[in-house]
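To keep things clear, I will list the structure first and then write my remarks on it.
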Ligand code: SF4
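Structure below.
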């Protein structure tokens, strides 16, 4: 048996996932059908929203200097939950990326990341001063 907490809504139901005699997955503890869907996805195709920071560069391609008030890194996040097994590979890609200032929140910097339907977008606007 495996225990999970459903994170689909603030109720946070404690789920128990088990298999019955026929080998079928059985979920208990859920207050609604979404809990069962969450448990199935968590068991067979777990996903997480990924947040990271990418190195920022100025319009001329240089990094902001130590005296600059501009951030040296810009936060990004996946636009929806991303397959958990691919997260290490995604972090490697994001680690190698730079984001050009200024930035606008919501701008996609990595469309269809690693062949998925999930984009990575900037999560903070930064203006040049
Ligand atoms: S099972 Fe339903 S009520 Fe419970 S946390 Fe999940 S979505 Fe919310």
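Residue numbers (this note's numbering): 701 to 829.
Just so you know, even glycine gets a beta-carbon here, dropped at the ideal spot from N, CA and C.
Nothing here was measured: the structure is a model prediction, and the numbers come from that model.
Any chance the CB of residue i is under 7 Å from a heavy atom of the ligand SF4?
| i | result |
| --- | --- |
| residue 725 | no |
| residue 743 | no |
| residue 732 | yes |
| residue 708 | yes |
| residue 713 | yes |
| residue 806 | no |
| residue 735 | yes |
Taking all protein chains shown into account, decide if residue i is buried (16 or more other Cβ within 10 angstroms of its Cβ) or exposed.
| i | result |
| --- | --- |
| residue 827 | exposed |
| residue 807 | exposed |
| residue 751 | exposed |
| residue 727 | buried |
| residue 749 | exposed |
| residue 774 | buried |
If you measure between the beta carbons of residue i and residue j, is that distance less than 8 Å?
| i | j | result |
| --- | --- | --- |
| residue 708 | residue 738 | yes |
| residue 813 | residue 791 | no |
| residue 730 | residue 736 | yes |
| residue 793 | residue 810 | yes |
| residue 816 | residue 783 | yes |
Just the Cα atoms here: how many angstroms apart are residue i and residue j?
| i | j | result |
| --- | --- | --- |
| residue 820 | residue 721 | 42 Å |
| residue 769 | residue 796 | 23 Å |
| residue 766 | residue 772 | 9 Å |
| residue 642 | residue 825 | Nothing about residue 642 can be read from this structure; the chain reaches only from 701 to 829. |
| residue 760 | residue 818 | 29 Å |
| residue 703 | residue 822 | 34 Å |
| residue 746 | residue 706 | 12 Å |
| residue 714 | residue 781 | 21 Å |
| residue 716 | residue 763 | 49 Å |
| residue 733 | residue 743 | 16 Å |
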